[in-house]
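Heads up: the sequence shown begins at 1400 in this note's numbering, then just goes up one per residue. Ideal Cβ placement from N, Cα and C applies to all residues, glycine included. First up is the structure itself, then whatever we jot down about it.
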Amino acid sequence: MTVNPEEFDDIFSLICQDSLEHFALFDSWEVGKAMFAVIIVYCNATMEEKVPFLFDLFDFDHSKMISQDELVLLMLCTTRGLCKVVGKPRPATDSLEVLATDAFSRIDRDQNGRISLDELSEWIVHERTVMTYLAKFANTRVIYENQVQYDLMLKELSTAFLNFAEPEKDKLKFQCFEEICEEMIQRYFPAAGKHEINFLLQTMKETMKNTRSLVKYGESNVSDNAISMDAFFLVLSPFIAFLAADDDGEDSINIKELKILLWLMFGSEPSSKMVENFINALDSNHDGALNAMEWVSYALETNKQTGSQRHFDSTRTSTVV
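This is the structure we're talking about:
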């Protein structure tokens, strides 16, 4: 079973923007198999449910058995397609063939030169290294949409800020008057309440004040009643991440959404223990959830103390510093 770009577009165009770009991304060998293998691994199902689909995809003669060559192709297409999607280096063909041959010898217990669906399922589900490896790719699906939303909001807000910005006194950086910053927050975050907006603006001004206190000589380059671009995005970056992780739009983050939020801000999947520790430490009113102000306050304190918090820099790219 294969699919060409036109067929893929017919199937997924209603639910997927730029479907042909997705096809090109998935189809690492331009044969259609890798694209289906990537979709199977990425879909929201258990690994036990995914294995039969992978098996059928590479059971070319429909014998309900897979040969060693078919297993090699399964591993090559799946691994290379997944690596292309998440931007990881693709393993060499020789190394994958060696791994597939070794795996086949262990799966084919009756040594008949072919493996059944049950044998393959048993090996994949119970072989810890395989499950761990596949989970690294499957879990990226969880964060992908939130990351896209986060990056898009940062990009749009950056463009808006620069459209209204004026050079600071040293003409090397940019600033916007507080009233304009308030209008931008209201426009791009219409659900934000007056209390939240005031908190964000006040935090920006305090951030600039703290920065000035670290400068021993010289005056501030920021005009009165203006907010620097650095302070604007240092405060709004964790706020935007909070909104991107708040899937239900309830203006609070539960423990499931907190995992997404930590993943966004630190760049890697947090452990369950880490998520639990964060909710216990930051949930000041002990209601089992975090609000935006609690998170922004934590993020800025972390940035000040360790410099490890992801934030938006003056080059308008999301970074970890």
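- Between Q1546 and H1525, the alpha-carbon positions lie close to 31 Å from each other.
- Counting along the chain, the unbroken alpha helix (DSSP H) around S1520 starts and ends at L1516 to H1525.
- Here the alpha carbon of T1610 sits roughly 42 Å from the alpha carbon of K1483.
- Between L1519 and I1438, the beta carbon gap of about 19 Å keeps them out of contact (Cβ cut-off 8 Å).
- Inclusion of L1600 and E1582 in the CB contact set at 8 Å is not warranted, their separation being larger than that value.
- The distance from the Cβ of A1559 to that of F1573 is about 12 Å, inconsistent with a contact at the 8 Å cut-off.
- If you look at Q1585, you'll find it in the alpha helix (DSSP H) that goes E1577 to Y1587.
- Residues A1644, V1674, F1677, I1678 and L1689 of the same chain have their beta carbon placed closer than 8 Å to that of L1657, with the five preceding and five following residues left out of the count.
- With contacts defined as CB atoms closer than 8 Å, D1455 and E1469 fail to qualify as a contacting pair.
- Assignment of beta strand (DSSP E) within the segment 1432-1488, counting only whole runs of 3 or more residues, yields 1464-1466 in chain order.
- Assigned with DSSP and collapsed to three states, P1566 falls in strand.
- Y1549 sits close to A1640, with the two beta carbons spaced by under 8 Å.
- Distances from the CA of E1595 to each of S1696, S1557 and M1552 were compared; the closest alpha carbon is that of S1696.
- Here the alpha carbons of L1551 and E1448 stand approximately 34 Å from one another.
- Sequence-distant Cβ neighbours of P1488 in its own chain, meaning closer than 8 Å and more than five residues away, are C1482.
- For Q1574, the three-state secondary structure derived from DSSP is strand.
- DSSP lists no bridge partner for R1505.
- Residue range I1654 to F1665 is occupied by the alpha helix (DSSP H) that includes I1654.
- Judged by their CB atoms, T1477 and A1436 are nearer to each other than the 8 Å cut-off.
- CA-to-CA, the gap between L1516 and P1451 works out to about 7 Å.
- In the three-state DSSP reduction, S1651 falls in the coil class, being neither helix nor strand.
- For S1683, there is no enclosing beta strand (DSSP E), as DSSP marks it with neither H nor E.
- C1442 counts as exposed, since fewer than 16 other beta carbons sit within 10 angstroms of its beta carbon.
- From the listed residues Q1467, P1566 and M1446, the smallest Cα separation to M1628 is found for P1566.
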